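A quick write-up on the structure given underneath.
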């Protein structure tokens, strides 16, 4: 939308707008706003504050336009559960992982914080051992009944 040339009088900051002068400036500001000029452009042209321009528009009962929204990237849908690819062929001691809510699970037996692709079989691991991942090592944390624990902690803030 191309706006018409801005025809708003420049008002010194020491001048108090009253009576006919105020009505004249209000008509010019409203005409400029309805012609498609932004409030910022009207403020620059008049040399007065944003408060005065908005007050003049409110006095004239002009409906204000919605502010321009920033161009943000579209939000990505986060899958509730990620499944990593199967282990390389010929590796029987590795099992696939399931990632859920910033944690890695192998079945319902083990919950390990961190991210990786595959993990060794944990059924024989103990609590003292470190778990070796493709990218680093993490302490083990066993959960006997993960669904029961999830029910017990639901509704509590972290």
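In our numbering, the protein residues as written are 2 to 159.
We treat Cβ as the ideally placed atom computed from N, Cα and C, and that holds for glycine.
Owing to the predicted nature of the structure, the values given are computational and were not obtained by experimental measurement.
Query: Can you give me the Cβ contacts of residue 8 inside the same chain, cut-off strictly under 8 Å, excluding the 5 residues immediately before and after it?; Result: 29, 32 and 33
Query: Can you give me the C-alpha to C-alpha distance between residue 1 and residue 75, rounded to a whole angstrom?; Result: Residue 1 lies beyond the residue range present for the chain, which begins at 2 and ends at 159; the question has no answer from this structure.
Query: Just to confirm the assignment: which complete beta strand (DSSP E) runs, minimum length 3, are found wholly within the segment 5-74?; Result: none
Query: Tell me the rounded alpha-carbon separation between residue 10 and residue 20.; Result: 16 Å
Query: Considering only C-alpha positions, which residue in the set 53, 73, 49 and 70 is nearest to residue 13?; Result: 49
Query: Between residue 16 and residue 27, what straight-line distance do the alpha-carbon atoms span, to the nearest angstrom?; Result: 15 Å
Query: Quick check on the burial criterion: 16 or more other C-beta atoms within 10 angstroms. Buried or exposed for residue 60?; Result: exposed
Query: What number of angstroms, rounded off, separates the C-alpha of residue 73 from the C-alpha of residue 22?; Result: 43 Å
Query: Based on Cα-Cα distance, which residue from 35, 36, 54 and 69 lies nearest to residue 44?; Result: 54
Query: Can you tell me which of 38, 25, 24 and 18 puts its alpha carbon nearest to the alpha carbon of residue 68?; Result: 38
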